[in-house]
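Participant: I have a structure I would like to understand better, so I am pasting it below and will then ask my questions one at a time.
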Amino acid sequence: MAAGNHTESTGSSSTALFDVAVIGAGLIGLATALELAGAGLRVVAFDRQQAMHEASWAAAGMLAANDPGNPPAILELSRYSLALYPEFLARIHALTGREIPLRTRQTLEGMPAGHTLPPGTAARPLTEPELQQLAPGLVPGGLPFVSLDEQSLDPCDLTEAVPAAARAAGIDLREHTPVQRMAREAGHYRIFFASPEGESSLLARHVLLATGAWTAPLPDGLAPALPPPVSPRKGQLVALELEGPVQSECVLRVPGLYIVPRGNGQYVVGATLEDAGFDQSTSEALLADLERRAAALWPPLAHARRAAAWAGLRPQSVDSLPVIGHFEGRFEGHFESPLGAGHDSPEAAHNLWVAMGHFRNGILQAPGTARILRDLILGRTPAVSLEPFRSGRFALAAV
Ligand SMILES: Cc1cc2nc3c(=O)[nH]c(=O)nc-3n(C[C@H](O)[C@H](O)[C@H](O)COP(=O)(O)OP(=O)(O)OC[C@H]3O[C@@H](n4cnc5c(N)ncnc54)[C@H](O)[C@@H]3O)c2cc1C
18 MAAGNHTEST GSSSTALFDV AVIGAGLIGL ATALELAGAG LRVVAFDRQQ
68 AMHEASWAAA GMLAANDPGN PPAILELSRY SLALYPEFLA RIHALTGREI
118 PLRTRQTLEG MPAGHTLPPG TAARPLTEPE LQQLAPGLVP GGLPFVSLDE
168 QSLDPCDLTE AVPAAARAAG IDLREHTPVQ RMAREAGHYR IFFASPEGES
218 SLLARHVLLA TGAWTAPLPD GLAPALPPPV SPRKGQLVAL ELEGPVQSEC
268 VLRVPGLYIV PRGNGQYVVG ATLEDAGFDQ STSEALLADL ERRAAALWPP
318 LAHARRAAAW AGLRPQSVDS LPVIGHFEGR FEGHFESPLG AGHDSPEAAH
368 NLWVAMGHFR NGILQAPGTA RILRDLILGR TPAVSLEPFR SGRFALAAV
């Protein structure tokens with residue numbers, strides 16, 4: 018596809034015209050915008066607030082493709098995305114000069130009876146002395162532990178670098194600019210957004226909805242007729258700071274708890290899993306419980322100082338799998354959205370794409386999701402089967 022014209026004449030006025038409008042500038046939206054810009058497309062990306070300041074900022078940052086707690090259906094996507102990570106980080110570096118360091122390279126996973134690692138996982142059972150060498154003082158609590166070659170990064174390192182990379186790549190990134198509605202117009206989408214001057218609009222051939230946990234309450238006209246059922250699942254985290262010689266460079270993970278070293282004496286402990294709507298406050302009782310359980314697993318943390326605490330909203334679909342690909346809304350003859358009020362044919366949903374619902378693995382799965390969307394929008398076959406992630410699975414289930 019050739020890059021879009023920069024303006025299009027619509028009667029007396031001219032309107033900016035983009036190849037792709039990305040709605041939602043979290044990691045999923047911006048990673049995809051970077052892929053599309055890299056393919057020569059003209060891209061605009063919107064965020065209703067500062068880019069990269071929702072779930073993509075709040076995450077623990079584990080690239081946990083082989084976490085035994087993951088649903089098997091995401092394994093292929095997770096490994097595909099993991100393999101693209103070095104390229105993704107190198108692109109950010111090339112565009113901005115910023116290195117995104119990997120904070121850990123090894124995870125010690127406690128394996129309760131019945132838990133199995135995904136096939137093909139490189140894991141090594143650890144003896145008690147090995148465990149104590151890697152995490153001095155760890156209390157295995159009767160669990161066998163294995164060592165995984167797993168990496169993590171600090172999402173805070175991405176919060177400025179990724180928007181900077183987007184701008185350097187020529188993406189028109191519009192922060193504090195909520196998209197309010199869309200309408201279909203002459204084969205394009207007209208995107209209406211709030212601006213200091215009131216409501217403004219522009220045109221795009223393709224639209225990607227990457228609105229994370231904010232998908233369901235999208236304003237009128239933006240939500241598809243049957244929006245993918247993605248809702249917020251709150252997670253609280255606490256960062257503990259440890260002084261002294263006893264340290265660990267490994268992620269420590271057991272069901273329901275993880276401790277992620279950042280490499281500077283700080284350890285991120287998470288996370289709660291709550292249905293609390295869009296509330297992002299922290300609760301002292303739940304944070305204290307996280308701290309207590311972390312110190313039970315790794316007692317040196319009993320002497321740590323709380324450096325920070327925060328909450329974020331994971332986007333979770335009803336089956337906990339992401340929603341990626343062409344939007345397959347169930348439009349029956351007359352439909353009102355996502356194309357705004359109108360009478361159009363079902364084909365009009367062409368060029369409307371979704372990438373949301375990455376739940377606990379959106380940091381991991383961003384480069385892979387972005388590459389898949391790029392391939393779809395360019396009319397190529399993606400390298401990963403999208404069958405489990407089709408938006409149409411919900412509509413079909415509802416029939
Ligand atoms: C506590 C916690 C721990 C986590 N740990 C990990 C981990 O270790 N590893 C991992 O891989 N993943 C982890 N995750 C999951 C990961 O953070 C998410 O899956 C991922 O960030 C989702 O990215 P996103 O871009 O879809 O959503 P978000 O980052 O939430 O971005 C969506 C964006 O859309 C914008 N938006 C919404 N509506 C509109 C609109 N109408 N107009 C304009 N903009 C709009 C929002 O402002 C927001 O910035 C964790 C999440 C949490 C909360």
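Add 17 to the 1-based position in the sequence shown for this note's numbering, that's all there is to it. Where a beta carbon is used, it is the ideal one built from N, C-alpha and C, also for glycine. Note that this is a predicted model, so its numbers are computed, not measured.
1) Determine the direct distance from the alpha carbon of Leu170 to that of Leu290, and round the result to whole angstroms.
2) Which partner residues of Gly229 appear in the DSSP bridge assignment?
3) Take Gln417 as the anchor and find which of Leu80, Ala50, Pro316, Leu53 has the nearest alpha-carbon.
4) Answer with buried or exposed for His193, where buried requires no fewer than 16 other C-beta atoms within 10 angstroms of its C-beta.
5) Among residues of its own chain, excluding the 5 on either side of Leu318, which ones have a beta-carbon nearer than 8 Å to its beta-carbon?
6) Can you find a heavy atom of ligand 1 that lies under 7 Å from the Cβ of Asp171?
7) Using only alpha-carbon positions, find the residue among Ala81, Phe105, Arg377 that is nearest to Thr49.
8) Kindly examine ligand 1 and report whether one of its heavy atoms sits closer than 7 Å to the Cβ of Arg65.
9) Under 8 Å by Cβ, that's how I've got Glu167 and Val268 pegged, so tell me the actual separation to the nearest angstrom.
10) Return the Cβ separation of Val60 and Ala54 in integer angstroms, given the expectation that the two are a contact with Cβ distance under 8 Å.
11) Look at the Cβ atom of Gln297, then the Cβ atom of Ser98, and state whether they are nearer than 8 Å.
12) Here's the rule: buried if 16 or more other CB atoms are within 10 angstroms of the residue's CB, otherwise exposed. What is His205?
13) Is Gly342 close to chain D, meaning its C-beta is less than 8 Å from at least one C-beta of that chain?
14) Report yes if the C-beta distance between Glu266 and Thr124 is below 8 Å; otherwise report no.
15) Under 7 Å from any heavy atom of ligand 1, does the C-beta of His205 make it?
16) Just grab the DSSP bridge partners of Ile117 for me.
17) Return the CA-CA distance between Ala19 and Leu220, expressed in angstroms with no decimal places.
18) Which whole-angstrom value describes the C-beta separation of Ile188 and Ala38, a residue pair presumed to lie in contact below a C-beta threshold of 8 Å?
19) With a CB to CB cut of under 7 Å and the five nearest residues on each side skipped, what residues in its chain are close to Arg141?
20) Compute the minimum distance between the beta carbon of Ile188 and the heavy atoms of ligand 1, and state whether it is under 7 Å.
21) Is any heavy atom in ligand 1 found nearer than 7 Å to the beta carbon of Trp370?
22) Who does Val401 pair with in a DSSP beta bridge?
23) Does the beta carbon of Thr144 fall short of 7 Å from some heavy atom of ligand 1?
24) Do you know offhand how far Thr133's Cα is from Val271's?
25) Quickly, what does DSSP pair His205 with across the bridge? List them, please.
26) Using a Cβ-Cβ cutoff of less than 7 Å, which residues in the same chain neighbour Leu151 once the five nearest sequence positions on both sides are dropped?
27) Going by DSSP in three states, Ser14 sits in which element: helix, strand or coil?
28) Any idea what DSSP makes of Arg410, helix, strand or coil?
29) Within 8 Å, do at least three Cβ pairs link the stretch 367-384 to the stretch 331-342?
Facilitator: Based on what the coordinates show:
1) 21 Å
2) DSSP, once it has assigned bridges, lists no residue as partnering Gly229.
3) Nothing can be reported for residue 417: it is not among the residues displayed for the chain, which extend from 18 to 416.
4) exposed
5) Leu257, Leu259, Ile276, Tyr284, Val286, Glu308, Ala311, Ala312
6) no
7) Phe105
8) yes
9) 7 Å
10) 5 Å
11) no
12) buried
13) Here there is only one protein chain, and chain D is not present.
14) no
15) no
16) The partner list for Ile117 (beta bridge, DSSP) is empty, contrary to what the question assumes.
17) Confidence in Ala19 is poor, its pLDDT being 39 and thus under 50, which makes the residue's placement too unreliable to answer from.
18) Contact doesn't hold; Cβ gap of about 11 Å is too wide.
19) Val163, Ser164
20) no
21) no
22) Answer is none; Val401 lacks a bridge partner.
23) no
24) 13 Å
25) Glu202
26) Leu125, Ser265, Cys267
27) No answer is possible for residue 14: it lies beyond the span of the chain, which begins at 18 and ends at 416.
28) helix
29) yes
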